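Quick note, the sequences are listed as chains A and B, same order.
Just so we're aligned: 137 in the working numbering is position 137 of the first sequence, and the numbers increase by one with no gaps anywhere.
Basically the working numbering = 1-based index in the second sequence + 189.
No residue lacks a Cβ here, since even glycine has one placed at the ideal position from N, Cα and C.
Note that the coordinates shown come from a computational prediction; the quantities given were computed from them, not determined experimentally.
Here's the structure, in structure tokens; my notes come after.
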Amino acid sequence: MDKPSVYDFGIDDDSVPPIERSVDITENVPPTVVQRYFESRYATNVNDKPNQDYSVLIHSNNLCILSLASTHVLMGKTIDKIDFQVSGNTDRLSNNMTGKGKRGAQIVQAGSTLCKVHCSDGEEHKILSAIPGKLVQMNSKLADTPNIMLDKPDDLGFIAIVLPQKQRFEKIRDGLLTKEQYTNRNSTV
Amino acid sequence: MDQNVEEIQQNLLKFGCCRVCAVRHLTKPSAINVKTLISASEQDHDEPKRLKENPCIACLGLFQNPQKDDIINKIISYLKTSKYDSDTFNLAFNLPMCTIIRGHSIALYVSKLRITFNPTFPTAFVCAKDAWKLMAEDAIVKATGKRFDVHSPLLVTVGFHYKDIKDECDCLNAIIKLSNKNLQNILSQMDNKDFVSQYGEMPSVPESVIEFKSVDARHESVYIAGRYNKWSRTLSQTPWIVDQERRLESSVEEIISDPIKKRALADEFKFSASGREDIDVRMLGRGRPFAIELVNPKQTKFSYEVLREIENEINTDPQVTVTHLQNVVREQLKELKSGEEFKIKVYKALCYVEGELPDLEKLNNCAPLEILQYTPIRVLHRRANMVRPRTIHSMKAVATKVGIDNGCSFFNVILSTQAGTYVKEFVHGDFGRTNPCLRTVFENDTVDILALDVLDIEIDWPTPVKY
């Protein structure tokens, strides 16, 4: 990457700390993307159904990433197929929207069905939205590789990205369990 | 000259025209001579008795004193106190509509009487503003030291007030819709008979005099360009404001603009750059090209020395360094904007994995690499959700140490990418929404990024300054 020398402007390169010394690195493993930018919240027994438990990762820009919580009823099972046609005229994978305002995006309520899961043991489970808002993106990878939803829930296997209405955001967030509350609940069950 | 020019001129004077207007109405625009106008004016003012009778039926007193000298003095004192450093100036007059109508009426009258002229066309004549500028030019130039130039970037606009404007326009408004724009065209398309029947053979003798209302000026935008480095990981490029609240105290834009603002005394500053880096990303190497548009600047002359002075002042801030600061013209900004979309950017990313270092050769061997990138979650709230193809032109990973043993292995990746590639997401994959990414290349879900530097924006702009 030799640059024309005409652009040299006499900044003493030694005065710029090398990248390794330009950030604080602690004795601990550095925080992951999720830990850096997201607040971890939980919704349990959605629609009053036992173990309909979801993780909600809230980004600092209010976007929410929904995924299965470790106590979700599906954990430990094997998924055969996921069906995104949740009703006669709603297909979660054909969710067309335009522009930064996401006009035309499907609207979901807390408890709306996001998809239907067929398990290898013959059981069928609905995946529910933990919060209300605009469905910004359904994870289409789940169609081909459904089990990433169980194996990598807070990463490749997220379910959907939902944007809550701005005015209702704080109320929605405060209605969810904090990580601490969720952990305590699990240890007392 | 036609033989009856003198006779028509006398008629105009009788109708209540000032001598300057009588002369300009009988002169072709191409044949105008300042001396003729000035001598007409002097002649007028030597006969104060006649003057006191009425404001001129053509100019409403624009060429008559005390208005004429008063307006000239207002312009001079405005230019002297307003701090514009332009060597030249241009003048614009916002004359009341009725002066145009009056001019048209007289032109029709003149063409009817002139023997060699087509009586149906209004005669071409020197319009009031042009004649006024010609006469006033010398005095303004002498007093301000600024040259008059129709192409000057500094336009001085003079506004006027005339009490009876409404009554005078209303009689025509009845048959045609008048507007300030293209008034001349509207009038010339009108049937002459219609015009005369509504307006009369000659303009009426005005009861009031045109008055000075305002003088204002505007200088064309001036552009200053350069390249900036950002050494801080806690500084945004532009002010970071969420819901009207500032999140960070300063910004690159403000650090650069403030010392320029102080000197340029402009109304507005518009900062633009070849793309932008995140708050926590440093801009190293030869820096990022940027430009600032100074809107209506008063001070526009930035000499080599002044520019170095501004650089030094900006560079006292340890977070930013500006180099190659220079004047540019509007046309040169295209280069800057094209860089945002088309030019290659070079980055250095400090990455890590938990546990052992992966085989870095895997990465080094896969460039160039075509990736598909969904709008990153961190900007998805304010941009459309789209998937974009991007090219990683080259990649080179090198193991490094950070002096801490936390069970992780560290490596630096130097990569050159197509403009618009989100590099952080290319490292960790953004929940699988950027694919492939370093996690998929190394088949390791713990790959992540700790720090990012921009090493270069591959645009040779603006022209290097010799230091």
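Which partner residues of residue i appear in the DSSP bridge assignment?
| i | result |
| --- | --- |
| Y351 of chain B | DSSP output for Y351 of chain B lists no bridge partner at all. |
| L280 of chain B | B:V345 |
| I107 of chain A | A:K134 |
| Q85 of chain A | A:D91 |
| F491 of chain B | Paired residue(s): none; F491 of chain B is not in a bridge. |
| K190 of chain A | With chain A running from 1 to 189 in the structure shown, residue 190 of chain A is simply not present. |
| T98 of chain A | A:R103 |
| D637 of chain B | B:Y541 |
| F600 of chain B | B:C540, B:A588 |
| D642 of chain B | B:R471, B:K537 |
| A43 of chain A | A:Y54 |
| L177 of chain A | A:Y42 |
State buried or exposed for residue i, treating a residue as buried only when at least 16 other CB atoms are found within 10 Å of its CB.
| i | result |
| --- | --- |
| Y656 of chain B | exposed |
| H340 of chain B | exposed |
| E357 of chain B | buried |
| M149 of chain A | buried |
| P4 of chain A | Residue confidence for P4 of chain A is low, a pLDDT of 38 falling below 50, so the modelled location carries little weight and cannot support an answer. |
| L93 of chain A | exposed |
| T510 of chain B | buried |
| L641 of chain B | buried |
| Q232 of chain B | exposed |
| C597 of chain B | buried |
| C555 of chain B | exposed |
| R36 of chain A | exposed |
| K224 of chain B | exposed |
| P395 of chain B | buried |
| V535 of chain B | buried |
Hey, residue i and residue j are a contact pair by Cβ (cut 8 Å); roughly how many whole angstroms apart?
| i | j | result |
| --- | --- | --- |
| A281 of chain B | L343 of chain B | With a Cβ gap of about 11 Å, A281 of chain B and L343 of chain B do not count as contacting. |
| G415 of chain B | Q521 of chain B | Incorrect: roughly 12 Å between the Cβ atoms, too far for contact. |
| N633 of chain B | P547 of chain B | 6 Å |
| L297 of chain B | F384 of chain B | 7 Å |
| L215 of chain B | I227 of chain B | 16 Å between Cβ atoms; not a contact. |
| P448 of chain B | I499 of chain B | 5 Å |
| E20 of chain A | L539 of chain B | 6 Å |
| L63 of chain A | L561 of chain B | Not confirmed; about 20 Å, so no contact. |
| Q426 of chain B | E442 of chain B | 6 Å |
Under three-state DSSP, which class holds residue i?
| i | result |
| --- | --- |
| H234 of chain B | helix |
| S393 of chain B | coil |
| N516 of chain B | strand |
| T652 of chain B | coil |
| Q198 of chain B | helix |
| Y611 of chain B | coil |
| I79 of chain A | strand |
| V470 of chain B | strand |
| F401 of chain B | strand |
| M324 of chain B | helix |
| H214 of chain B | coil |
| K49 of chain A | coil |
| E502 of chain B | helix |
| R628 of chain B | helix |
| Q451 of chain B | According to the sequence shown, residue 451 of chain B is Lys rather than Gln. The answer is helix: DSSP assigns K451 of chain B an H, G or I state. |
| Q562 of chain B | strand |
| N192 of chain A | The structure shown has nothing for residue 192 of chain A, since chain A only spans 1 to 189. |
| P409 of chain B | Per the sequence presented here, residue 409 of chain B reads as Glu, with Pro not at that position. Three-state DSSP puts E409 of chain B in coil, outside helix and strand. |
| A247 of chain B | coil |
| S657 of chain B | There is no way to answer for residue 657 of chain B, as the model of chain B reaches only from 190 to 656. |
| C287 of chain B | helix |
| E434 of chain B | strand |
| H617 of chain B | helix |
| A313 of chain B | coil |
| I19 of chain A | helix |
At 7 Å on the CB atoms, spell out the chain D contacts of residue i, in chain order.
| i | result |
| --- | --- |
| F620 of chain B | Looking for chain D here will not work: the only protein chains present are A and B. |
Can you find a heavy atom of the ligand NAP that lies under 7 Å from the Cβ of residue i?
| i | result |
| --- | --- |
| A538 of chain B | For the structure depicted, the ligand NAP is absent and the ligand set is empty, with no information on it obtainable. |
Could you tell me whether the stretch 609-629 of chain B touches the stretch 500-508 of chain B, using the rule of 3 or more Cβ pairs below 8 Å? no
Examine the Cβ distances between the stretch 281-292 of chain B and the stretch 350-360 of chain B and report whether three or more of them are shorter than 8 Å. Below 8 Å, enough C-beta pairs join the stretch 281-292 of chain B and the stretch 350-360 of chain B to call them touching: three or more.
If we count Cβ pairs, one from each stretch, closer than 8 Å, do we get three or more for the stretch 647-655 of chain B versus the stretch 537-545 of chain B? no
Segment contact, 8 Å Cβ cut-off, at least three pairs: the stretch 602-610 of chain B with the stretch 572-588 of chain B: yes
Does the count of Cβ pairs from the stretch 128-146 of chain A and the stretch 154-161 of chain A closer than 8 Å reach three? yes
Spell out a yes or no on whether the stretch 29-45 of chain A and the stretch 174-186 of chain A are touching, meaning 3 or more CB-CB pairs, one atom from each, closer than 8 Å. yes
The stretch 467-477 of chain B in contact with the stretch 391-399 of chain B per 3-pair CB rule at 8 Å: No contact exists between the stretch 467-477 of chain B and the stretch 391-399 of chain B.
Specify whether the stretch 447-463 of chain B and the stretch 478-487 of chain B touch according to this definition: at least 3 beta carbon pairs, one from each stretch, less than 8 Å apart. yes
Would the stretch 210-224 of chain B count as touching the stretch 314-334 of chain B if we require 3 or more Cβ pairs under 8 Å? yes
Report yes or no: do three or more beta-carbon pairs, one from the stretch 123-131 of chain A and one from the stretch 556-570 of chain B, lie closer than 8 Å? no
Segment contact flag, the stretch 199-213 of chain B with the stretch 244-255 of chain B, C-beta cutoff 8 Å, min 3 pairs: When Cβ pairs closer than 8 Å are counted between the two stretches, the stretch 199-213 of chain B is seen to touch the stretch 244-255 of chain B, the count reaching three or more.
If you pair each beta-carbon of the stretch 365-375 of chain B with each one of the stretch 264-282 of chain B, do three or more pairs fall below 8 Å? no
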